Amino acid sequence: MLRTRVTTLLTAAFVLLTALLFTGTATAAAAAAAAAKPTLDLPATGGPFPVGTTALHLVDRARVDPWAPTPGPRELMVQVWYPAVPVGKRAEYGDPAVSQHFADLVTAVGMGQGEPFLHRVHPTSRNAAPVLPGRWPLILQSHGRGTVRAATTSIAEGLAARGYIVAAVDHTYDAAVTTFPDGRTVKANRTQEPTEPELAAEVRVRVADLRFVLDQLSGAATPFRHRLDLGRVGVFGHSIGGDTAAEAMRADRRFRVGANLDGAFWGEAQRQGVPGPFALFSAGPADHPSWANWRTNQKAWGRQFNLGEGIHSSATDLVLFPEVSGLKELLKDHPEVYKQIFGSLDGVRTTQLYRAYLTALFDRHLLGRPSPLLDRDSERWPEQKLLFSVG
């Protein structure tokens with residue numbers, strides 16, 4: 047089915063809230079949940095380096111934004127996590143507009159006034175901390191359709207703590223909401239029922255975004271200009287961001303290794319493979335036709351791992367949010383809806399699993415370190431199974 051693997055967190059939220067409305071218990075449950083205001087510390091990174099983060103505003107004046115309602119240059123916001131001097135305040139999760147956006151979903155479907163909660167989520171990274179000396183390998187990150195660059199903050203922090211600079215791009219007008227330094231906010235305007243050709247076209251815009259960001263980080267006057275090892279660049283993404291990673295590797299050989307976190311392939315990667323090391327991390331049923339096509343045509347090093355009890359959002363921070371969002375209490379009488387949104391696996395352990403496998407992938411192919419985790423099923427992570435191996 048076309049919709050398989052393009053479900054967004056936005057869509058999931060509407061499914062959740064609509065289901066609750068139909069039960070007739072949403073208002074009372076929401077009132078009960080509102081009484082408690084828990085906080086959440088994102089999982090400790092487990093890496094040797096403290097982590098800093100900062101946002102960059104990049105403008106591609108050579109490209110007219112194909113999605114903007116008024117023609118103009120393509121503007122992007124990029125969040126960067128990096129090994130840092132441990133000074134300064136802890137960073138915020140996303141920004142107020144992102145938090146308000148998801149609260150507005152509650153209001154929009156009649157559950158009363160939604161209350162933002164992302165300000166009660168505390169990353170481990172420190173805002174604008176100085177970058178540690180040295181040259182660090184770079185990893186670019188592409189979010190899922192209708193989500194935001196912050197959606198995989200925990201993975202990014204884990205990689206940065208192990209010696210990588212990670213740059214996550216908000217694909218403007220595809221991201222749920224993007225806030226620019228002058229205070230402007232723009233929301234997603236992509237169709238909710240895209241065709242396969244439309245998805246492939248969206249991926250091409252996203253690939254151009256990643257290539258532009260890599261150009262800017264390579265040459266512009268950013269804090270990272272002299273801190274990057276540009277011979278060691280990787281890329282990964284969630285959902286359609288995973289196909290974006292694959293097509294970025296096909297378009298630009300500067301991307302040496304990549305990963306797809308539970309995204310279907312919409313472009314040529316499924317027909318011609320990816321010309322470099324590439325890993326697919328699927329979740330739930332491992333039966334999408336494009337994955338079988340990719341396995342058939344992948345001639346370079348490739349792996350598919352499957353998290354059988356996982357769900358599409360398992361690779362995102364959403365699985366960490368049941369308590370802080372209030373939805374664990376809200377859904378206590380609706381376990382089937384809870385499982386659709388948050389899955390059945392422990393969120394912290396699942397986050398640690400994705401960190402471990404992505405670190406192993408980038409360590410092997412960017413740093414030349416042995417990574418036996420990628421070659422067989424793991425006793426440490428028995429819930430993850432190796433389904434495909436080449437190279």
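The sequence shown: position 148 = 194 (our numbering), numbered continuously.
Quick reminder that beta carbons are idealized off the backbone N, C-alpha and C, glycines included.
It should be emphasised that the depicted structure is a prediction, and the values quoted were computed from it without experimental measurement.
Asked                                                                                                                                                        : Found
Kindly give me the distance between the Cβ atoms of G280 and F408, rounded to whole angstroms, as I take these residues to be in contact under 8 angstroms.  : 5 angstroms
If you draw a straight line from the alpha carbon of V259 to that of H380, how long is it in whole angstroms?                                                : 43 angstroms
Could you give the distance in angstroms between the alpha-carbon of R415 and the alpha-carbon of A247?                                                      : 36 angstroms
The alpha helix (DSSP H) with N343 in it runs from where to where?                                                                                           : 335 to 343
Thinking F388 and P418 are a contact (beta carbons under 8 angstroms), I'd like their distance in whole angstroms, please.                                   : The pair is not a contact, with the Cβ atoms about 31 angstroms apart (cut-off 8 angstroms).
Does the Cβ-Cβ distance between T199 and P169 come in under 8 angstroms?                                                                                     : yes
Would you call the CB atoms of F324 and Q344 closer than 8 angstroms?                                                                                        : yes
Got a sec? Which residues, its chain only, sit under 6 angstroms from N339 by beta carbon, not counting five neighbours each side?                           : Q316
Helix, strand or coil, according to DSSP, for A254 in the structure here?                                                                                    : helix
State the Cα-Cα distance for the pair H147 and G277, rounded to the nearest angstrom.                                                                        : 38 angstroms
Using CA coordinates, which residue listed in P129, G283, V232 is at the minimum distance from S360?                                                         : G283
With DSSP as the reference, please indicate the residues paired to S435 in a beta bridge.                                                                    : R349
Which residue or residues does DSSP assign as beta-bridge partners of G283?                                                                                  : S188, N306
Under three-state DSSP, which class holds N381?                                                                                                              : Going by the sequence as given, residue 381 is Pro instead of Asn. Helix.
Check whether the stretch 329 to 339 and the stretch 371 to 379 touch, using three or more Cβ-Cβ pairs below 8 angstroms as the test.                        : no
Determine the direct distance from the alpha carbon of P112 to that of T100, and round the result to whole angstroms.                                        : 27 angstroms
In angstroms with no decimal places, state the Cα-to-Cα distance between L22 and V167.                                                                       : Residue 22 lies beyond the range of the chain shown here (47 to 437); nothing can be said about it.
Does the distance from the CB of L399 to the CB of Q350 come in under 8 angstroms?                                                                           : no
Given a cut-off of 8 angstroms, decide if D216 and M123 are closer than it, judged by their beta-carbon atoms.                                               : yes
By the 10 Å Cβ neighbour count, where 16 or more other Cβ atoms means buried, how is Q187 classified, buried or exposed?                                     : buried
Indicate whether W312 and V253 have their beta-carbon atoms separated by less than 8 angstroms.                                                              : no
Can you tell me whether H168 is helix, strand or coil according to DSSP?                                                                                     : strand
How many whole angstroms separate the CB atoms of L366 and L86, which I take to be in contact at a CB cut-off of 8 angstroms?                                : 6 angstroms
Quick one: give me the first and last residue of the beta strand (DSSP E) that K233 is part of.                                                              : 231 to 233
In terms of residues, what are the limits of the alpha helix (DSSP H) holding E203?                                                                          : 199 to 206
Who are the near neighbours of R426 in its chain, counting only those whose CB is closer than 6 angstroms to its CB and skipping five residues on each side? : none
What does a CB cutoff of less than 7 angstroms around L420 pick up in its chain, not counting 5 residues either side in sequence?                            : R349, A406, L407, R410
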